[in-house]
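In terms of my numbering, the sequence shown is residues 1210 to 1432.
In this text, a Cβ means the ideal position worked out from N, Cα and C, and glycines have one as well.
Report on the structure given below.
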Amino acid sequence: MRIEVRLFALYREQAGTDRLALELPEGARVREAQKALEERFPGLRLEGGMAAVNQALAGAETPLKEGDEVAFLPPVSGGQDSYGLTQEPLDLEALVAWATAPEYGAVVSFLGTTRSPNRGEEVAFLEYEAYPEMAEKVMAEILAEMRARWPLGRIALWHRLGRVDPGEASIAIVVSARHRKEAFAACQYAIDRVKQILPVWKKEHRKDGSFWVEGFAPEDKRL
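Written out as structure tokens, the structure reads:
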């Protein structure tokens, strides 16, 4: 079977190409693709990096099929990603300053704030709760998915926990890239994925009571 391979950053330089077709036996896994690439390019060392199959993070034992796109991603260099959960107010200006650098021609930011009124009712405040250990791992996965799709510079993804009053920010996303198209697309992707899979929940408090705001679990993960 034939798969399409993409290489980024250090891996691209070690192999001398960013894209190639690779023939593998039927039933091959990511591990076999890694081995075949390292044999083909003696200077290429993929150990310690990550892989994505069809733009989703994958493990070494992930099976492959005809036509799959497999991206090999070097470990992200220190300081290129900033993410996490916080009880403190979000400082968008500081995040934009951090993401800005001469080599990036575009910096796109998104700030999600508490809206009031909401559906015709005044909102006193929102209360956010998380599964923190899992949430930070999911954030890292989202950022890795973004890097598998677009050539990006710095990415910041921060979510507030606890009480967030109307007009205050609950989430801040900043993406820098060489060009605006990638930065806009990646920022949109980030907030969409956060809404889909990040284990953070919000409770809406009004004068007449409070309730948890329900979302929708991804169809392939739904009980």
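message: If I measure Cβ to Cβ from A1218 and keep anything under 7 Å in the same chain, skipping five residues before and after, which residues do I get?
response: The residue labelled residue 1218 in the question sits at position 9 within the sequence shown. Around A1218: P1283.
Strand pairing of D1429, partner residues [DSSP]: As a first step, residue 1429 must be located in the sequence shown, where it is residue number 220. DSSP output for D1429 lists no bridge partner at all.
- request: Run the CB neighbour count on H1388, radius 10 Å, all protein chains shown included, and call it buried at 16 or more, exposed below.
  value: Position 179 of the sequence shown holds residue 1388. That one is exposed.
query: Using 8 Å as the Cβ pair cut-off and three pairs as the minimum, do the region 1396 to 1407 and the region 1309 to 1316 touch?
result: Pairwise C-beta distances place the region 1396 to 1407 out of contact with the region 1309 to 1316, as fewer than three of them are shorter than 8 Å.
- prompt: How many angstroms separate the CA atom of A1392 from the CA atom of R1358?
  reply: In the sequence shown, counting from the first residue as 1, residue 1392 sits at position 183. In the sequence shown, counting from the first residue as 1, residue 1358 sits at position 149. Cα atoms of A1392 and R1358: separation of roughly 11 Å, rounded to the nearest angstrom.
- request: Leaving aside the five residues before and after G1268 along the sequence, list all residues of the same chain whose C-beta is less than 8 Å from its C-beta, in chain order.
  value: Position 59 of the sequence shown, counted from the first residue, corresponds to residue 1268. Excluding sequence neighbours, G1268 sits near V1239, A1260.
- request: Using the DSSP secondary-structure output, state which residues sit across from M1210 in a beta bridge.
  value: To locate residue 1210, count along the sequence shown from 1; it is residue 1. Answer is none; M1210 lacks a bridge partner.
message: Quick check: F1334 and D1374, are their CB atoms within less than 8 Å of each other?
response: Position 125 of the sequence shown, counted from the start, is the residue given in the question as residue 1334. Position 165 of the sequence shown, counted from the start, is the residue given in the question as residue 1374. The answer is yes: Cβ separation under 8 Å.
message: Measuring alpha carbon to alpha carbon, tell me which residue in E1338, E1345, A1381 is nearest K1412.
response: For the purposes of this step, residue 1412 is identified with residue 203 of the sequence shown, where counting begins at 1. Considering only alpha carbons, the answer is E1338.
- prompt: Where DSSP assigns a beta bridge to L1216, which residues make up the other side?
  reply: On the sequence shown, position 7 is the one that residue 1216 refers to. L1216 is bridged by DSSP to F1281.
query: Comparing alpha-carbon positions, which option in G1225, Q1223, L1229 lies nearest R1215?
result: What you label residue 1215 is simply residue 6 of the sequence shown in a count that begins at 1. The candidate whose alpha carbon is nearest that of R1215 is L1229.
message: So the candidates are A1378, G1225, T1309, P1234; which of them puts its Cα closest to the Cα of R1211?
response: Here residue 1211 refers to the residue found at position 2 of the sequence shown. Minimum Cα distance to R1211 is reached at P1234.
- prompt: Are A1365 and V1383 closer than 8 Å when you measure CB to CB?
  reply: What you label residue 1365 is simply residue 156 of the sequence shown in a count that begins at 1. What you label residue 1383 is simply residue 174 of the sequence shown in a count that begins at 1. In this structure, V1383 lies closer than 8 Å to A1365 by Cβ.
- prompt: By DSSP, does E1342 sit in helix, in strand, or in coil?
  reply: Residue numbering aside, residue 1342 sits at position 133 when the sequence shown is read from its first letter. Secondary structure of E1342 (DSSP, three-state): helix.
- request: For G1287, collect the residues of the same chain with a Cβ closer than 8 Å to its Cβ; drop the 5 residues on either side in sequence, then sort them by chain order.
  value: The residue given as residue 1287 occupies position 78 in the sequence shown. A caution first: G1287 carries a pLDDT of 49, below 50, which makes its placement in the model unreliable, though a value can still be read off. If you ignore the 5 residues before and after G1287, its C-beta comes within less than 8 Å of no other C-beta in its own chain.
message: Buried or exposed for R1254, going by 16 or more other Cβ atoms inside 10 Å?
response: Position 45 of the sequence shown, counted from the first residue, corresponds to residue 1254. In summary, R1254 is exposed, with fewer than 16 beta-carbon neighbours lying within 10 Å of its beta-carbon over all protein chains present.
field: Spatial neighbours of S1325 in its chain, beta-carbon cut-off 6 Å, leaving aside the 5 residues before and after
entry: Taking the sequence shown and counting its residues from 1, the one referred to as residue 1325 is at position 116. Answer for S1325: E1331, V1332, P1375, listed in chain order.
- request: Please report how far the alpha carbon of E1247 lies from the alpha carbon of T1226, in whole angstroms.
  value: Residue 1247 sits at position 38 when you count from the first residue of the sequence shown. Residue 1226 sits at position 17 when you count from the first residue of the sequence shown. Each residue's Cα considered, the two are about 13 Å apart.
field: Whether S1318 touches L1301 by CB criterion (8 Å)
entry: Residue 1318 sits at position 109 when you count from the first residue of the sequence shown. Residue 1301 sits at position 92 when you count from the first residue of the sequence shown. Cβ atoms of S1318 and L1301: closer than 8 Å.
query: Going by C-alpha distance, which of N1263, A1237, Q1223 is nearest R1249?
result: Walking along the sequence shown from the start, residue 1249 turns up at place 40. It is Q1223.
task: Would you mind giving the Cβ-Cβ distance between G1321 and S1379, rounded to the nearest angstrom? I have them listed as a contact below 8 Å.
output: Within the sequence shown, residue 1321 is the residue found at index 112, counting from 1. Within the sequence shown, residue 1379 is the residue found at index 170, counting from 1. About 5 Å; that satisfies the 8 Å criterion.
field: Best match in G1236, D1290, G1258 for proximity to E1275 [C-alpha to C-alpha]
entry: One-based indexing of the sequence shown puts residue 1275 at position 66. Each of G1236, D1290, G1258 was checked against the Cα of E1275, and the nearest Cα belongs to G1236.
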